[in-house]
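Colleague:
Residue numbers (the working numbering): 243 to 558.
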């Protein structure tokens, strides 16, 4: 039986520069099951997607207990590691961030992503020292759980266009270095362009996570630049809700039912939504695919030979 510690250790090993972990961010059990069934080695939650699905705006407008319950449902429904997006930590002081980390780890997460943005602050980012205190509290809380939780520190200098563009990269590197010293394991410069990401990969001795933009650099291109992890944020949730919007609009305006043709049948969705036949073990296959051990070792369907071929072809 794969233990939580083993799962967390495997999740850490999936962060390999040049052979990145691709995380398709999910927001409920159905989306998580679909992504897992396609061979994903792990899943991450999108805080925005979870919030929208529960009737709240993005940006910690959701109650923490509702976020934790969503993570719990997702983690219980899949066999692969789960990274929880906890936004800025759901707290004004480090102790509250620690409480959030403990709660999502207890819910089944083996990774957490924490942002340094501050919508209420004058600089739109928390001061470095303040964010380091929050990350240090998160690290202690994670360690107290007895699980080697991976802490992914999101640096929002680029996403929020903070500061002078001429010094933004240096500011990002300084924040990244400080965050790693406070206990973070990986760095996530959300919104940074390729040149900044390449410089950051060279500057920090830790895995670098990027945000893949729709229509932007392909996954293989980021792999060639040495990143270790790729996320898509709420893009899949936005696509799903856009599909609902388009189909409902067409039905209501035209009365035509053509847009309601599903791409997934009821039987397939019932199969994905239903309980797994058995608990995961080291040698039991996952959904006609690799074993759990192979999955957690990073040999899911999208890894290894695929990346070797893609990088060989120049990341096109």
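Built from N, CA and C at the ideal position, the CB exists for glycine as well.
The structure presented is a predicted model; accordingly, all values stated were derived computationally and were not measured.
Whose C-beta lies closer than 6 Å to the C-beta of residue 373 among residues of the same chain, with five residues either side of it excluded?
Modeller: 358, listed in sequence order.
Colleague: Looking at the structure shown, is residue 512 part of a helix, part of a strand, or coil, going by DSSP?
Modeller: In this structure, residue 512 counts as helix in the three-state DSSP scheme.
Colleague: When you compare only the Cα positions, how much space is there between residue 286 and residue 340?
Modeller: Approximately 20 Å, taken between the alpha carbons.
Colleague: For residue 393, which of 435, 330, 441, 498 has the nearest alpha-carbon?
Modeller: The option with the nearest alpha carbon to residue 393 is 330.
Colleague: Can you say whether residue 335 is buried or exposed, counting buried as having 16 or more other CB atoms within 10 angstroms of its CB?
Modeller: Classification of residue 335: exposed, given that the 10 Å Cβ count is below 16.
Colleague: Do the stretch 448-456 and the stretch 425-433 meet, that is, are 3 or more Cβ pairs less than 8 Å apart?
Modeller: Flag = yes, the stretch 448-456 and the stretch 425-433 touch.
Colleague: Check each candidate in 363, 343, 348, 350 and name the one with the smallest Cα separation from residue 356.
Modeller: Closest option to residue 356, Cα to Cα, is 343.
Colleague: Please return the same chain residues whose Cβ sits closer than 6 Å to the Cβ of residue 366, not counting the five positions on each side in sequence.
Modeller: Hits under 6 Å: 402, 404.
Colleague: Would you identify the three-state DSSP class for residue 287, choosing helix, strand or coil?
Modeller: Strand.
Colleague: Expressed to the nearest angstrom, what Euclidean distance is found between the alpha-carbon atoms of residue 508 and residue 294?
Modeller: Roughly 24 Å separates the two Cα atoms.
Colleague: Residue 325: which of 346, 332, 307, 319 sits nearest, CA to CA?
Modeller: Out of 346, 332, 307, 319, 346 has the C-alpha closest to the C-alpha of residue 325.
Colleague: Applying the 10 Å Cβ sphere with the 16-neighbour rule, what's the burial state of residue 249?
Modeller: Flag for residue 249 reads buried.
Colleague: Of all the options 284, 349, 436, which has the alpha carbon lying nearest to the alpha carbon of residue 464?
Modeller: Checked all of 284, 349, 436; the closest Cα to residue 464 is 436.
Colleague: Output needed for residue 265: all residues of its chain with C-beta closer than 8 Å, excluding positions within five of it in sequence on either side, in chain order.
Modeller: Excluding residues within five positions, the ones whose Cβ falls inside 8 Å are 282, 284, 285, 286, 325, 471, 472, 473, 474.
Colleague: So residue 569 is in the alpha helix (DSSP H); what residue range does that whole segment cover?
Modeller: Residue 569 lies beyond the range of the chain shown here (243 to 558); nothing can be said about it.
Colleague: Hey, which unbroken runs of the beta strand (DSSP E) at 3 residues or more fall wholly within the stretch 293-334?
Modeller: Correct list: 324-327.
Colleague: To the nearest whole angstrom, what separates the beta carbons of residue 439 and residue 469, a pair I think is in contact under 8 Å?
Modeller: That belief holds up - the Cβ atoms of residue 439 and residue 469 are roughly 6 Å apart, short of 8 Å.
Colleague: Under DSSP, the beta strand (DSSP E) around residue 357 begins and ends at which residues?
Modeller: Residue 357 -> beta strand (DSSP E) spans 353-357.
Colleague: What's the C-alpha gap between residue 428 and residue 458?
Modeller: So the two alpha carbons sit approximately 22 Å from each other.
Colleague: With DSSP run on the structure shown, which of helix, strand or coil describes residue 265?
Modeller: If DSSP states are grouped into helix, strand and coil, residue 265 belongs with the strands.
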